[in-house]
Amino acid sequence: MRGPRKLEVVEVKSRQITIRWEPFGYNVTRCHSYNLTVHYCYQVGGQEQVREEVSWDTDNSHPQHTITNLSPYTNISVKLILMNPEGRKESQELIVQTDEDLPGAVPTESIQGSTFEEKIFLQWREPIQTYGVITLYEITYKAVSSFDPEIDLSNQSGRVSKLGNETHFLFFGLYPGTTYSFTIRASTAKGFGPPATNQFTTKISAPSMPTYELETPLNQTDNTVTVMLKPAHSRGAPVSVYQIVVEEESPRRTKKTTEILKCYPVPIHFQNASILNSQYYFAAEFPANSLQAAQPFTIGDNKTYSGYWNSPLLPHKSYRIYFQAASRANGETKIDCVRVATKGAATPKPVPEPEKQTDHTVKIAGVLAGILLFVIIFLGVVLVMKKRKLAKKRKETMSSTRQEMTVMVNSMDKSYAEQGTNCDEAFSFMDTHNLNGRSVSSPSSFTMKTNTLSTSVPNSYYPDETHTMASDTSSLVQSHTYKKREPADVPYQTGQLHPAIRVADLLQHITQMKCAEGYGFKEEYESFFEGQSAPWDSAKKDENRMKNRYGNIIAYDHSRVRLQTIEGDTNSDYINGNYIDGYHRPNHYIATQGPMQETIYDFWRMVWHENTASIVMVTNLVEVGRVKCCKYWPDDTEIYKDIKVTLIETELLAEYVIRTFAVEKRGVHEIREIRQFHFTGWPDHGVPYHATGLLGFVRQVKSKSPPNAGPLVVHCSAGAGRTGCFIVIDIMLDMAEREGVVDIYNCVRELRSRRVNMVQTEEQYVFIHDAILEACLCGDTSIPASQVRSLYYDMNKLDPQTNSSQIKEEFRTLNMVTPTLRVEDCSIALLPRNHEKNRCMDILPPDRCLPFLITIDGESSNYINAALMDSYKQPSAFIVTQHPLPNTVKDFWRLVLDYHCTSVVMLNDVDPAQLCPQYWPENGVHRHGPIQVEFVSADLEEDIISRIFRIYNASRPQDGYRMVQQFQFLGWPMYRDTPVSKRSFLKLIRQVDKWQEEYNGGEGRTVVHCLNGGGRSGTFCALSIVCEMLRHQRTVDVFHAVKTLRNNKPNMVDLLDQYKFCYEVALEYLSSG
């Protein structure tokens, strides 16, 4: 008897599939009694469901069976089982995915709105039942009611669409004090699912006060002032009351010109003003309905209005008279006011004697002015004569130097020409590659590096990244640099010497360049032109000098960003920024310096005028005690002249911060959403140790930058070194993706033609190569939450030809790109005095990740075998270490105290035979030098023992104590590579997160240890990162999480099974909601 054959899928729908097979022969259907069972299984909510159905359609010439009641977008494993008295035969297994269906509704409770006066920032989560890939969200909104009955709501409705990976939107141009209904529908390829609705109410605005062009009263006496009162216009809520406020002028009271007019929310009676030391009092209050049209009112008429005495004004005092309106609704009160009159003090009669004194004073002032004018003229003559003398001397120096530099440049050209003839020897590694297969860039002239003359310019004008003194460039250098060189003067074309590199050859190319003795990265970098290569006359103007942070990194004229001029001032168009072309996108970037206090307004003017949606910041405000960039954004709302910037959202991650702003410009009825991507992981010196964080940062900028917006504004401190690194990496990733080649050399050269000294050091140049190599080797490994289950299933399928799978290849790539620690990287751990503190001499922490111990303990050193690790959102959130040795228990508790740790995760068993002692007290107090550890409580829940300790330094009682909770996980026996239960391990992660958040607001660190501080500890940290990703980004990137950990400690997640376990716990997280 043979089994069922040719099992195939005939029809696939969202909730059912139909299968068909080859009809059975006579020997089955006529000779025996038999039955045919359809066996299928699938997963729902993380649980595997197995079903069997008997098929009766066996006599048909085309037998088939339909399986119903399935879940959409689910992988189904199907096979046929034929049974008769002779035995049992199975068909081959068939795996099919049901079709997509309409998604479920967006969870209503997830629809949240942050309300402002004229805008609402709406956020939501994707449906629990996606039933496919969410491709689109449709949000319709409509005004349903308002506190102000006069508002016409008929035009307050609309519809917007957002891509499936975006779950927020800023609605602006709304009416104040108005309730809006928002309806959200999610869509898959099959269409829109059911709607979810929620309502939010904008905040009311202050009434709009009428204008008073002249503060001229209708009538004024020594004790009264009569003014004309005009009704205010409501904005979101009707005007409730009007009030008259009298403020006594004080010579000590001054206002800045930019200060917004202050109103008076606290009512003070005239009788209480002196008691409360108040400069103002309420003279009158009356309801809004009593002022329907303009009417006069007399301040100081000695009457009472709504309980406020309108006291007569004192003749010898000066007053400001304010008229204010208040609207009250929905628990809010908004006030606006306007000054309607000013009353000066009564003027005393003139006395003749003071006039004589005035005449005498004028005479003395005239004599002094004459003397001062003579001194100024004399000094001017002296300075002019000295300047002419210096100019003559400088001209002679320039003439002699011009000849020297001409000879130098010619000799350099000649030496490079000679080098070009021997390029086969210098680039012998290219012999094994087919150059015709590479994309050669367009030929362009090769510009040599020259020295520039220096004049004395303050050191503060120069960027710290170069530590070199550049300068005002002389006319000699300008005449040489600006002249366009003819092709005949160039020995060969740059594109021929530096062709684009195929991505497939990049690893070999970088290896050769790092190892080369004759021509490597050092020589290639030094071939770039250094210093000024184009005119920058505008930047050198006296009016613009103070707009430059550094005197030698300023904007070329031909590529500089030109701002709109202000009030006819031709110099107001300058900002230290240049346009840079992107990959097939002209002027895609603006490279600029970090704003200074004097240029913040210009910076926001540029952002607005260029229609920029994304700002990239690649510096910290202060580095090594020096200001690198001023803080040009607000913590709440700030007005920069006519531009208002409001911080809407801040997303903190371990290596960067994303801030979202709402930006408005006075006179323009538009609110723009602008994001700032602030990379904080660049060290104070050099370059990042690894490119993983920066590459993730670049991908975030790409994914969240609107494609049709204006240029991407990129800045560091000078706007050259780190800025150049970011731009080159971004361009090259696009080029690698679309052409399969990279052309880093010519890209840097092109950048330097647009802005001076882009990519400032050889170290940065090498880092760019390493970053692009890592990106090409690793790719983008993030997976949307909705696709994790299906993709993970595919990743585990074995390829019969290679006997491998995608997940095996991914783990192999991870091992390949994991940095190998050298002996010099672990010099402190390898010191003889620290040998006895290491459990394994082949598992050591690198120096750069060490948490040095601070608490003094006799002769003990400050070393412990531990490494600092980033979480998804917090730098150095984890400290991974080995189980304490008997001689390092006190160091372990020093670590917990010194680094403000609030959690300890233990992933191994106590085993004295392996030198794994119990390092905590079960009751009472353990003393470890000055540190005391006191047992507080313990609890056991399933596989987790949680213990709480009180820890403090007895030698510093003023520091107080810290509560620390230890989580001992029992569900990972020593003989297993992975934990027994995914659910239990996920519960451990959640318990730690909950304690961290409740006890210290998420600020405390977590110590994680296993036997040697390797695979198990890495698995916990990686899964903590993955769970954070899912919470905040709804994506899974196990590769990135493990790669980030391995950058600091290569043995993190060291087994393929542990790597798979990370994916499986992520699926458990998604299933558990």
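Each residue of the sequence shown is one higher than the last, beginning at 1 in UniProt numbering.
Ideal Cβ placement from N, Cα and C applies to all residues, glycine included.
Keep in mind it's a predicted model, so treat the numbers as computed, not measured.
Item: Q295 - containing beta strand (DSSP E), residue span; Value: 295–299
Item: C-alpha distance - G667 paired with E1003, whole-angstrom precision; Value: 43 Å
Item: Proximity to S981 [Cα-Cα], best of P930, I989, G971, R990; Value: G971
Item: Proximity below 8 Å, CB of A654 to CB of K890; Value: no
Item: For W309, the residue or residues it bridges with in DSSP; Value: T304
Item: Beta bridge counterpart(s) of E638 as assigned by DSSP; Value: V645
Item: Selection from A288, S861, V1053 that minimises the alpha carbon distance to C1010; Value: V1053
Item: Supposed contact pair R894 and I931 - C-beta distance, whole angstroms, cut 8 Å; Value: 6 Å
Item: Selection from A877, P921, N908, H926 that minimises the alpha carbon distance to T902; Value: A877
Item: Whether Y896 touches I951 by CB criterion (8 Å); Value: For the sequence presented, residue 896 should be read as Val rather than Tyr. Taking 8 Å as the Cβ cut-off, V896 and I951 qualify as a contacting pair.
Item: Inter-residue Cα distance where the pair is L314 and V338; Value: 22 Å
Item: Spatial neighbours of E425 in its chain, beta-carbon cut-off 8 Å, leaving aside the 5 residues before and after; Value: In this predicted model, E425 has a pLDDT of only 34, less than 50, meaning its place in the structure is not dependable; the value taken from the coordinates is given anyway. G518, listed in sequence order.
Item: Extent of the continuous beta strand (DSSP E) to which Y952 belongs; Value: 944–953
Item: Nearest residue (CA-CA) to P707, options N803, F603, H588; Value: H588
Item: Test item: CB-CB of F811 and Y1059 under 8 Å; Value: yes
Item: Proximity to Q532 [Cα-Cα], best of R1016, H558, G104; Value: H558
Item: Three-pair Cβ contact test at 8 Å for the region 176–189 versus the region 133–148; Value: yes
Item: The region 210–228 touching the region 129–146, judged by at least three CB pairs closer than 8 Å; Value: no
Item: Alpha carbon of T68 to alpha carbon of W56, nearest angstrom; Value: 15 Å
Item: For S527 and S411, the rounded distance between their alpha carbons; Value: The pLDDT assigned to S411 is 33, lower than 50, so where the model puts this residue is not dependable; a value taken from the coordinates is nonetheless given after this. If I take the Cα positions, the gap works out to 14 Å.
Item: Exposure of V823, with buried meaning 16 or more beta-carbon neighbours within 10 Å; Value: exposed
Item: Selection from S240, F270, Y793 that minimises the alpha carbon distance to N330; Value: S240
Item: E567, buried or exposed, once every other Cβ within 10 Å from all chains shown has been counted against 16; Value: exposed
Item: Pairwise C-alpha distance: M83 and E90; Value: 9 Å
Item: Alpha-carbon to alpha-carbon, A326 and A288; Value: 9 Å
Item: Identified DSSP bridge partners for N165; Value: Bridge partners of N165: none, in fact.
Item: C-alpha gap between G1018 and K628, whole angstroms; Value: 36 Å
Item: Sequence-distant residues of its chain with Cβ nearer than 7 Å to Y305 (five each side left out); Value: A284, E285, F286
Item: R1016, DSSP secondary structure in three states; Value: helix
Item: Those residues which DSSP pairs with F200 across a bridge; Value: Y180
Item: Whole-angstrom C-beta distance between L712 and V616, which should lie under 8 Å; Value: 6 Å
Item: Element boundaries [alpha helix (DSSP H), containing G721]; Value: 721–739
Item: Three-way DSSP call (helix, strand, coil) for D581 in this model; Value: strand
Item: F297 Cβ short of 7 Å to the ligand HEM heavy atom set; Value: The ligand content of the structure shown is nil, which means the ligand HEM is not present either.
Item: Cβ-based burial, N1051 [other Cβ within 10 Å; buried from 16]; Value: buried
Item: Inter-residue Cα distance where the pair is R927 and G696; Value: 45 Å
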